[in-house]
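Spelled out as structure tokens, the structure:
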């Protein structure tokens, strides 16, 4: 069978990303365990072996994530090859950060056209290696394969949880009433080059995983307006106060909500207003140069956004794949 | 920088696979640890955490490997999509087998043109899921990305060692005088369809890892004539007796040595002739339907192949990437 079709109705583009993901779950059935041990979160969480009898302290859980960079999609001729190597590692580090973990090892699969320039590839590897050293991630394995007409670099990153009890922060811990917060500032990632020079929030993710108030965490890759629904519990809607969303200079609200590739952390936490103030004060002491901003709250689905003065997210969109 | 060049001298094709791998090691430097903790073997071997005080039995080591299947390279329109999914998992399982390990979890990264047919993708996933269940490997994570014009599926497989002491069989244990053996039969993999329907030698690899005589192991993917040099120790040459190399029906010696994609195990073991007979007898009891054939021995580099009646491998070639 030819995998490609010129009849749009037969293709994955006709289905769209969300429906395609639902189909894939159905096709995989019992071969794919449910999150957090399986698909659907920033990383898969593989439980540590049970501790030996008499040893109370449980071992860290293993984290696994995979993300590619693809020529023509995630970078083009304007992005220096060193930055492509860095972006590849940092995208994956951001997923480890989003579970509150630390990275342990990476493997790289490269699919390369034989016409790839040697000096391009050298700069790509040197950029990747410099970051691998800076973040303390050994590159332990890889594969090189021929791919006529294409250039796809796929990195799989292993990590481990760092919080007591092997706690990993998934996307599914939030409840109605929890606060929504975001690290740093949003928007304009592509135009500014931040999409390949951002700093993965590893220290911040580990700090959040040790705070009992924090109940869910993810990194922002497709834009806040789309990604916030991944943290939203069933029966709830996110109420975001638009004027509070922290934006990079020169970025309007629409861009801050929809641009994507921010790689900031989106946090759900559960606290009284007084306890929330304490959490934010502790954050400022730990990370004086990176804001953590409360931008909203999870409300019952039937709460009217207008009456509360909140943003109508249905007017905003994040990045849609396969369009 | 444009990653592609039309001047052949500037490209990776001009360098060839072996020289390219040597360059990559140089570019990565200290970011890539040496084998077996790093690149260069069938899997990377990540040491288990040190056992708690008073616990003598060491935990299994973690194994990691990654291999893709790429449209136009590893499969074409003639290969059913179910078989593509199976091939992807089995290629990686074969790498786990080649360390004497067992698989524990897989993650899949798909780079897909939006024009990919939905029914092609469904059959691919169903083939992958059927094999994942059959081999007991949960698919714990994945990524979907847009890749206009291409179809690349990259699977990363985690595993663990099964032999006492966390022993993994690497490619580097052989010495001059060790025997060379191979499982099953070789050649004709592409023409017969075995390249996507082969059985990864997991049980056999685990059995071999428990035999102290076995000192090195790998799986055959690029053809015996090329791959045997990955098991050959420095200062040695492999003496292979051509008439003994086990071949599939209708396959000549040239094809058995050079076709590639056999996914059989190549074994180095150290034994007196009497002990070798014992090992082979034990194998026949364990695996009565799969031959283990002694096909040669590692000899000093200056040993003349002609005087010993052995094969001149310089006249044979395996699969070369980026040509």
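Residue numbers (our numbering), protein chains in the order written: chain X, 835 to 1157; chain W, 835 to 1157. From the three backbone atoms N, C-alpha and C, an ideal C-beta is built for every residue, glycine too. Given the structure is predicted, the values throughout are model-derived calculations rather than measurements.
Under the DSSP assignment, residue 979 of chain W falls in the beta strand (DSSP E) whose first and last residues are 973–980.
At least one C-beta of chain X is nearer than 7 Å to the C-beta of residue 981 of chain W. Residue 913 of chain X carries a coil assignment under DSSP once its states are collapsed to helix, strand and coil. Residue 1118 of chain W: member of the alpha helix (DSSP H) spanning 1107–1120, first to last residue.
Annotation: residue 1125 of chain X to residue 1110 of chain X spans about 14 Å, alpha carbon to alpha carbon. Shown in chain order are the members of the segment 988–1010 of chain W whose Cβ falls below 8 Å from a Cβ of chain X: 988, 990 and 992. Bounds of any alpha helix (DSSP H) do not take in residue 1005 of chain X, whose DSSP letter is neither H nor E. Residue 967 of chain W reaches chain X at 864 and 865, counting residues in chain order whose Cβ is nearer than 7 Å.
Within the segment 1068–1084 of chain X, no residue has a Cβ lying closer than 7 Å to any Cβ of chain W. Assignment of residue 857 of chain W by DSSP, reduced to helix, strand and coil, places it in the helix class. Fewer than three pairs of CB atoms, one per stretch, sit closer than 8 Å, so the segment 1094–1104 of chain X makes no contact with the segment 866–881 of chain W. Sorting W/905, W/940 and W/1113 by C-alpha distance to the C-alpha of residue 1013 of chain W places W/1113 at the top. Exposed is the label assigned to residue 1118 of chain X, since fewer than 16 other Cβ atoms lie within 10 Å of its Cβ.
Contact note: residue 1119 of chain W does not reach chain X at a C-beta cutoff of 9 Å; the least C-beta distance is about 32 Å. For residue 992 of chain X, the closest of X/1011, X/1079, X/943 and X/938 by C-alpha to C-alpha distance is X/938. In this structure residue 899 of chain X is buried. Its beta-carbon is surrounded by 16 or more other beta-carbon atoms within 10 angstroms.
Runs of the alpha helix (DSSP H) lying entirely within the segment 909–964 of chain W, each at least 4 residues long, are 915–931 in chain order. Residue 1153 of chain X is positioned such that its CB atom lies no closer than 7 Å to that of residue 1076 of chain X.
For residue 993 of chain X, the enclosing beta strand (DSSP E) starts and ends at 985–995.
Between the alpha carbons of residue 905 of chain W and residue 845 of chain X lies a distance of about 17 Å.
Nearest to residue 1015 of chain X by alpha-carbon distance, out of X/912, X/1079, X/1067 and X/973, is X/1079. Residue pairing by DSSP leaves residue 968 of chain W without any beta bridge partner. Residue 1044 of chain X carries a coil assignment under DSSP once its states are collapsed to helix, strand and coil. Here DSSP, grouped into helix, strand and coil, assigns residue 902 of chain W to strand. With fewer than 16 other Cβ atoms inside 10 Å of its own Cβ, residue 836 of chain X counts as exposed. Ranking X/916, X/915 and X/1007 by CA distance to the CA of residue 1046 of chain X puts X/1007 first. In this chain, the beta strand (DSSP E) harbouring residue 1126 of chain W covers 1126–1134. Not one beta carbon of chain X lies nearer than 7 Å to the beta carbon of residue 1066 of chain W. In the DSSP assignment, residue 1037 of chain X is bridged to no other residue. With a threshold of 7 Å between beta carbons, residue 949 of chain X makes contact with chain W. When the Cα atoms are used, residue 929 of chain X and residue 876 of chain W turn out to be separated by approximately 27 Å. Secondary structure of residue 882 of chain W (DSSP, three-state): coil.
If you draw a straight line from the Cα of residue 1066 of chain W to the Cα of residue 1028 of chain W, it comes to about 27 Å. Interface flag for residue 839 of chain X against chain W is set, since a Cβ pair is found closer than 7 Å. Residue 912 of chain W counts as exposed, since fewer than 16 other C-beta atoms from the protein chains shown sit within 10 angstroms of its C-beta.
Measuring C-alpha to C-alpha distances from residue 1017 of chain X to each of X/972, X/1082 and X/1070 identifies X/1082 as the nearest.
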